[in-house]
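Data block below; observations after.
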Amino acid sequence: MAELLERRLAVGWLEIHAENYMGGGPVVRSLERLRADYPLSVHGVGLSLGSAEGIDGAHLERLARLVERLQPALVSEHLSWSVTGGAYLNHLLPLPYTDEALGVLCANVARAQDRLGRRLLVENPSGYLRFRDSSISEPEFLNALARRTGCGLLCDVNNVYVTCANLGGEATAWLDALDAAAVAEIHLAGHAVNDADGRTVLIDDHGSPVADPVWRLFEHAVRRFGSTPTLIEWDTDVPALDVLLGESAKASRRLVEGGDVVAA
Amino acid sequence: MSSLRELQAGFRAAILVDDESGVAPNVVDDEVGASARLAIYRHHVFTSLTAALEATYPVVTRLVDRRFFGWVANHYVRAHPPAGPCLFEYGGDFPAFLAAFPACGHLPWLADVARLEWAMNVALHAPDAVALEPDALRALDPRALARLTLRLEPSVTLLESPWPVDAIWRANQPAADGVVDLGAGAVRLEIRRLGDDVVFHDLPPGTFAFRAALAAGRTLQDAVERALDAQPGFDLASEIRALLDEGALAT
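Below you can see the structure in the form of structure tokens.
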């Protein structure tokens, strides 16, 4: 944070995790200074848009106050749930892609957008399991959510890659199925390669450089979605700022090249 | 087909109490089984919450060793999962949990060290307060003063312990050698934020009793009586002046 404040980097924008800035004190004061030098976006992890019991009104209020104060360009959350019976399970947990779940998501997204007074972007999570109940695909579910609520989509290209590797499916086909007009932001990140039951499982850990196949998938995404605000997520084992800037520059080059393809 | 609400309750049981019966039948298990897939989620929940507790309780972590801390944290997370997503607010009842945790019974000072670390965490994230100006008190009718309640600014915690938890805390900072005299006796600490820094110091008995009574919402008269019980020479005027000078009273 101190280095970000000192160097005034030539990066397009920065994204903050909403839940880290809902208290007071020096953490929040340094965010106020950051806001003066960089455009910000707000990325929530705790709204639990997929909770069958509805979203926590007190948490929505805190998010709304943060958004009012920071006036970010974009506000995003996840296609997942974390809260049941008043307990917050600290993870982006998976949903069955059913009509019932779609109804829950639509109601919760609509309530959030009403209170925030703006469009929310909803991000595809990394998947490690599928439910037998699911009747439609993840991109179809997201498209329906966007159509019914007017929300935008945040396409996390690394998550698409991880989900397809773990659950089956072709990552380019996943991207092709997503409603390009609704995509307003892209995320990129690194993942870890682990083992479960003797099989390879990819874990979205935001702790390493973007993998080569994910860069190739990103090129495909840029051809599909056009030039879109793109963020590199790296929040465990965070490297020196210059390594992050190198990743950011790689993404910018591909956006320019991809943008030309779209324009042609 | 279970409803979404039942599925989520089943998922919670799979994460927190290892009962997968409410969710596993609905999970596609192919080359990787349902249990192994659920374990990926469980692993993340426990490692991330343990890391959050370690960040809030670094001295307790050092005192009991990281592996033991992880084991205690695992029990704690199962019994007290977070009530909300702001992790800097997670772990307020961890000190009481430690006090009652049998495997920590041979470390009677551990829970109070945890109380000090929690108070420091509260101070760090407390909202900024507007300090009370001395003129606000001057304008009051002297007869109303006795029934007055004064609010301490929100970063303040008053913590009394029979153990020298301040010395234990200092001796267990990253560069320190961990050596401390446990016989040094009781402390009465005030913990708060000054500017960007969290500080604590030991207060005289009367000052501590006075401020602790104010923090508990007692009237000025009640607080003075308690302070005089603790310290017969307690001088109200200088104590009020000190609170104002320190910016410790909130509007």
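For the record, the sequence lines run as chains A and B. So that you can map any letter, position 242 of the first sequence is 242 in the numbering used here, and since no number is skipped, the others follow by simple counting. So that you can map any letter, position 92 of the second sequence is 92 in the numbering used here, and since no number is skipped, the others follow by simple counting. Here a beta-carbon is modelled for each residue, glycine too, at the ideal position from N, C-alpha and C. In this text the structure is predicted, and so the values were computed from the model without any measurement.
Classify residue i as buried or exposed, calling it buried when 16 or more other Cβ atoms lie within 10 Å of its own Cβ.
i       : result
S126(A) : buried
A251(A) : buried
D141(B) : exposed
Determine, using beta carbons only, whether residue i comes closer than 8 Å to chain A.
i      : result
M1(B)  : Reliability of the predicted coordinates at M1(B) is poor, the pLDDT of 45 falling under 50, and the value obtained from them is presented with this limitation in mind. Yes, because at least one Cβ of chain A sits closer than 8 Å to the Cβ of M1(B).
F88(B) : yes
S21(B) : no
Y41(B) : yes
F11(B) : yes
V72(B) : no
I15(B) : yes
H75(B) : no
Checking contacts by CB at 8 Å: is residue i closer than that to chain B?
i       : result
H59(A)  : yes
W13(A)  : no
A112(A) : no
G207(A) : no
M1(A)   : no
Y88(A)  : yes
P39(A)  : no
D99(A)  : no
G46(A)  : yes
M254(A) : A quick correction: the sequence has Arg, not Met, at residue 254(A). No, no contact with chain B.
V201(A) : yes
L244(A) : no
Please tell me whether residue i and residue j are closer than 8 Å, where the distance is taken between their beta carbons.
i       : j       : result
F200(B) : A227(B) : no
G25(A)  : H125(B) : yes
W283(B) : P95(B)  : Absent from the model: residue 283(B). The displayed extent of chain B is 1 to 251, so no value can be given.
H191(A) : L178(A) : no
D204(A) : N158(A) : yes
L74(A)  : E185(A) : yes
T84(A)  : R12(B)  : yes
E17(A)  : H43(A)  : According to the sequence provided, residue 17(A) is His. The question's Glu does not apply to it. Yes, these two residues count as a Cβ contact at 8 Å.
S48(A)  : W81(A)  : yes
So residue i contacts chain B; which residues on that side make the cut at Cβ distance below 8 Å?
i      : result
S82(A) : P85
E19(A) : P85, C86, L87
Output, in chain order, the set of chain B residues within a Cβ distance shorter than 9 Å of residue i.
i       : result
E53(A)  : R5, Q8
L4(A)   : Result: empty, since nearest Cβ-Cβ is about 17 Å, beyond 9 Å.
P125(A) : Simply none; closest approach about 11 Å.
A196(A) : V32, G33, A36, R37, A39, I40
At 8 Å on the CB atoms, spell out the chain A contacts of residue i, in chain order.
i       : result
L38(B)  : L129
D196(B) : G25, P26, R29
At 7 Å on the CB atoms, spell out the chain A contacts of residue i, in chain order.
i       : result
L124(B) : G25
L49(B)  : N90
Would you mind reading off the limits of the alpha helix (DSSP H) that contains residue i?
i       : result
E100(A) : 99-116
F68(B)  : 66-79
I55(A)  : Premise fails: I55(A) is in no alpha helix (DSSP H) and is neither H nor E.
R199(A) : No alpha helix (DSSP H) contains R199(A), which is instead part of the beta strand (DSSP E) from 199-203.
Go to residue i, then tell me how far its beta strand (DSSP E) extends in each direction, as first and last residue.
i       : result
I253(B) : Because chain B here runs from 1 to 251, residue 253(B) falls outside it and cannot be looked at.
A87(A)  : 87-93
A73(A)  : Premise fails: A73(A) is in no beta strand (DSSP E) and is neither H nor E.
R188(B) : 187-194
C278(A) : Look at the range of chain A in this structure, 1 to 264, and you will see that residue 278(A) is not part of it.
Under 7 Å Cβ-Cβ, which residues of chain B neighbour residue i?
i       : result
L93(A)  : F11, Y41
V104(A) : L4
Whose Cβ in chain A lies nearer than 9 Å to the Cβ of residue i?
i       : result
D128(B) : G24, G25, V28, R29
P82(B)  : A87, Y88, L89, N90
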